[in-house]
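Protein chains in written order, with our numbering: chain A, 1 to 224; chain B, 1 to 403.
Where a beta carbon is used, it is the ideal one built from N, C-alpha and C, also for glycine.
Keep in mind the model is a prediction, meaning the values are calculated, not measured.
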Amino acid sequence: MSEPLIQLQGVSRIYDLGRVQVAALQEVDLTVEPGEFLAIVGPSGSGKSTLMNIVGCLDRPTAGTYTLAGTPVAELNDDGLARLRSRTIGFVFQSYNLLPRTSALENVATPLLYQGLSRKDRLARARAALERLGLGDRVDHVPTELSGGQQQRVAIARALVTEPALLLADEPTGNLDSASGADVMTILRELNAAGRTIVMITHDSDVASSARRQVHVRDGRLVA
Amino acid sequence: MRATELVRLALSRLGSSRLRAALTMLGVIIGVASVVSLVAVGQGATSGITKQLQGLGTNLLTVNPGRATTGFTRGAAGSVTTLTVQDAEAIGGLTGVAAVEPETSTSQLVVAGSQNTTTTIVGTTGGYTTVRNFSLWQGATLNGVAVDAALREAVLGATTADDLGLSASAIGTTIKIGSVPFQVVGILQAKGSTGPLSQDDQILVPYTTVEDHFVPGDTVRSIGISVASADQIDLVKAEITTLLESRHGIPVGGTDDFTIADQSQLLSTVGSVSALLTVLLAGIASISLLVGGIGIMNIMLVSVRERTREIGIRKAIGARGRDILAQFLVEALVLSLLGGLVGIVLGVALSALIGALAGWGFVFNPITPLIAVLFSLAVGIVFGVWPARQAARLDPIVALRYE
């Protein structure tokens with residue numbers, strides 16, 4: 001195999017709250033190869049959200065090194081992080097996080113706006129991504145006109161439209177009923193089967209069992 | 001991101017909350033409209049007054065009696081009555097003088113049939129209509145024979161004729177001025193000026209007749225001179241000064257007992273006063289533009305807070321700080337610019353209406369809207385930058401968690 005997609009070495013994230021210092025992550029080592037489907041499992045307060053923020057380049061480690069797709073993240077400024085997110089990562093959130101009052105098509109096309117594509121190309125690729133997820137007849141609907149499962153599928157389409165190396169899913173089934181949740185997990189498994197690297201954060205061991213590998217977070221440390 | 005993308009984004013955003021956008025723009029609309037219309041009002045008033053002044057006579061010089069100085073006491077203007085009919089005749093012989101007319105005046109009760117009015121009786125010559133830029137509506141003006149023979153002939157101002165119920169058929173009829181019968185020989189065309197200084201409310205009679213029946217003596221109130229061409233005004237002024245000084249026996253360097261008023265002086269004074277007025281009005285109006293700008297800033301700050309989550313999402317999917325900054329700044333700019341454009345249309349319409357009502361017509365100066373647009377753009381930038389920076393600086397993690 002080639003170089004790993006994600007490589008964390010001795011990563012710590014310490015929040016400085018003035019008098020006290022809280023270590024949300026301590027000395028985490030984690031490697032994810034291209035094509036993996038990894039679940040990061042842990043209860044709330046375990047530090048898994050902090051880990052997800054660091055892996056998603058929304059936050060920087062206070063100690064240790066993180067290399068994503070060959071890029072050392074610690075050396076990047078805010079604009080550099082934004083560019084790395086834009087090129088490399090597709091996010092799927094628990095609460096979908098679609099832009100309100102904005103059609104599914106515009107929502108999916110938005111990441112391409114920040115890559116500087118023309119409007120014509122953006123809309124064409126967004127439409128294709130929605131069709132791949134079976135939402136070809138919902139392109140003009142705004143989020144409030146869509147069910148939770150449909151909204152999450154729009155969010156997955158938005159995450160995939162840039163063809164990112166990494167799909168980062170944070171509790172992707174957390175807000176869904178079991179049928180829609182199973183639906184979303186099927187989609188993720190299919191995407192992984194097609195070669196997409198997926199890192200999923202969850203507290204639900206049933207959901208985690210869909211992944212091909214699991215790591216557990218407890219008190220800011222990786223266990224087993 | 002390209003500018004067109006940003007404008008499209010801003011328009012779709014503003015389109016989704018039209019009422020709020022309209023109310024926010026209202027401040028800028030009112031500000032720009034008041035700047036545009038008040039400046040137009042100032043300029044319209046200036047040109048109106050200028051036109052009225054020019055209507056007083058072309059290349060007009062007026063010689064007035066000066067002040068009497070007794071010891072250290074200086075009297076009021078006109079407190080000496082040294083100007084005479086003979087002075088006027090002498091001025092008439094100077095080169096560059098097109099027409100000259102002496103004026104004496106008295107106020108008398110005028111009766112025509114059952115109508116009466118009290119008005120100014122101006123004793124003058126036929127030169128009056130030329131110098132003072134009047135034209136006749138009916139009949140004839142005073143001729144040389146009437147002046148020489150002190151005939152009881154009268155030329156009525158338009159307002160006076162109206163007050164007395166006289167029209168075209170009144171030519172040749174008799175009216176009584178201070179119980180002396182006069183024959184109406186002409187009626188003047190109205191100049192349109194109104195108020196206490198109206199030039200349409202007066203009666204012209206030969207100055208010799210005034211001397212015979214009302215005010216004895218050959219002193220005059222003023223002498224009006226029409227200069228042949230504008231570039232001769234200074235020359236004629238110098239000629240008149242030399243002539244009158246020698247006639248009145250005033251040594252060189254002594255204090256003149258007369259003053260010469262020049263139309264151009266008056267025009268430039270009025271011009272500078274009304275320019276000041278225009279600047280003042282614009283200054284007052286721009287305060288409302290400032291308030292409008294603060295309104296935009298307020299709404300943009302509220303908007304940044306409301307849309308914190310949206311900002312977080314955009315950042316997570318690849319927007320840089322400057323993309324967010326540009327998005328919010330362009331939104332503020334679109335608001336202020338749209339408001340500015342609507343304000344210009346409103347302001348131009350308003351100034352046309354005011355111009356029509358006030359009677360000076362519509363003065364459109366393309367510079368004003370241009371400045372108003374630049375001003376409203378500046379308002380958008382100044383009051384949009386701070387909210388936009390707030391938005392751009394948001395931490396995506398915090399913003400995404402924001403409810």
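Partner residues in the beta bridge of A/Leu168, as assigned by DSSP, are A/Phe91, A/Val199.
A contact between stretches requires three or more CB pairs, one per stretch, nearer than 8 Å, and the stretch 3-18 of chain B meets this requirement with the stretch 326-335 of chain B. In the three-state scheme derived from DSSP, where H, G and I count as helix and E and B as strand, B/Pro181 is classed as strand. Taking a contact to require three or more Cβ pairs closer than 8 Å, the stretch 139-150 of chain B and the stretch 199-218 of chain B qualify as touching.
Listed as beta-bridge partners of A/Gln21 by DSSP are A/Asp16. Using a Cβ-Cβ cut-off of 8 Å, B/Ser303 does not count as an interface residue toward chain A, since no Cβ of chain A sits closer than that to its own.
In the three-state scheme derived from DSSP, where H, G and I count as helix and E and B as strand, A/Gln7 is classed as strand.
Not flagged as an interface residue toward chain A: B/Ala22, since no C-beta distance is shorter than 8 Å. Considered as a whole, the stretch 57-137 of chain A harbours 78-88, 104-113, 119-132 as its complete alpha helix (DSSP H) runs of no fewer than 4 residues, in chain order. With respect to B/Pro102, B/Val215 sits apart: the two C-beta atoms are not nearer than 8 Å. Taken in chain order, the complete beta strand (DSSP E) segments of 3 residues or longer contained in the stretch 145-221 of chain B are 153-156, 174-177, 180-188, 202-206. With contacts defined as CB atoms closer than 8 Å, B/Ile91 and B/Ile225 qualify as a contacting pair.
Comparing C-alpha distances from B/Val35 to each of B/Gly283, B/Val184, B/Glu239 shows the shortest one belongs to B/Gly283. By the neighbour-count criterion, in which 16 or more other beta carbons inside 10 Å mark a residue as buried, B/Ile311 falls on the buried side. Taken through DSSP and simplified to helix, strand or coil, B/Ile29 comes out as helix.
For the pair A/Val55 and A/Ile6, the CB atoms are nearer than the 8 Å cut-off. Taking 8 Å as the Cβ-Cβ cut-off, the stretch 8-42 of chain A has no residue approaching chain B. By the neighbour-count criterion, in which a residue is buried when 16 or more other Cβ atoms sit within 10 angstroms of its Cβ, A/Glu75 is exposed.
Around A/Ala157, the same chain offers Val108, Ala129, Leu130, Leu133 as residues with beta carbons nearer than 6 Å, after the five sequence neighbours per side are excluded. Counting C-beta atoms within 10 angstroms of its own C-beta, A/Tyr66 has 16 or more neighbours from the protein chains shown and is therefore classed as buried. The beta carbon of B/Arg18 does not come within 8 Å of any beta carbon belonging to chain A, so the residue lies off that interface. For A/Pro111, at least one C-beta of chain B is nearer than 8 Å to its own C-beta. Nearest Cα to B/Arg307 within the set A/Ile187, A/Arg101, A/Arg213, A/Leu167: A/Arg101. Here B/Ile29 has Gly339, Val342, Gly343, Leu346 as same chain residues with Cβ atoms under 7 Å from its own Cβ, once five neighbours each way along the sequence are excluded. Of the other Cβ atoms in all chains shown, fewer than 16 fall within 10 Å of the Cβ of B/Pro181; this residue is therefore exposed. Counting of Cβ neighbours within 10 angstroms places A/Glu171 among the buried residues, the total reaching 16 or more. Setting aside the 5 residues that flank it on each side, A/Asp121 is surrounded in the same chain by Leu112, each with a C-beta closer than 8 Å to its C-beta; the list follows chain order. Burial state of A/Thr50 is buried, judged by a 10 Å Cβ sphere holding 16 or more other Cβ atoms. If you look at B/Ile250, you'll find it isn't in any beta strand (DSSP E); DSSP assigns it neither H nor E. Counting every other CB atom within 10 Å of its CB across the protein chains shown gives B/Leu280 a total below 16, marking it as exposed.
Against chain A, the CB of B/Lys315 has a partner CB under 8 Å away; the residue lies at that interface. Residues are counted here when their Cβ sits less than 9 Å from a Cβ of chain A; for the stretch 380-397 of chain B these are Asp395, Pro396, Ile397, given in chain order. About 7 Å separates the beta carbons of A/Thr197 and A/Leu167, which is inside the 8 Å limit, making them a contact pair.
A distance below 6 Å between beta-carbons, with the five flanking residues on each side excluded, links B/Phe362 to the following residues of its chain, in chain order: Ala352, Gly355.
With respect to B/Ile203, B/Ala154 sits close: the two C-beta atoms are nearer than 8 Å.
When 7 Å is used as the limit between beta carbons, B/Leu276 is near no residue of chain A, the shortest such separation being about 51 Å.
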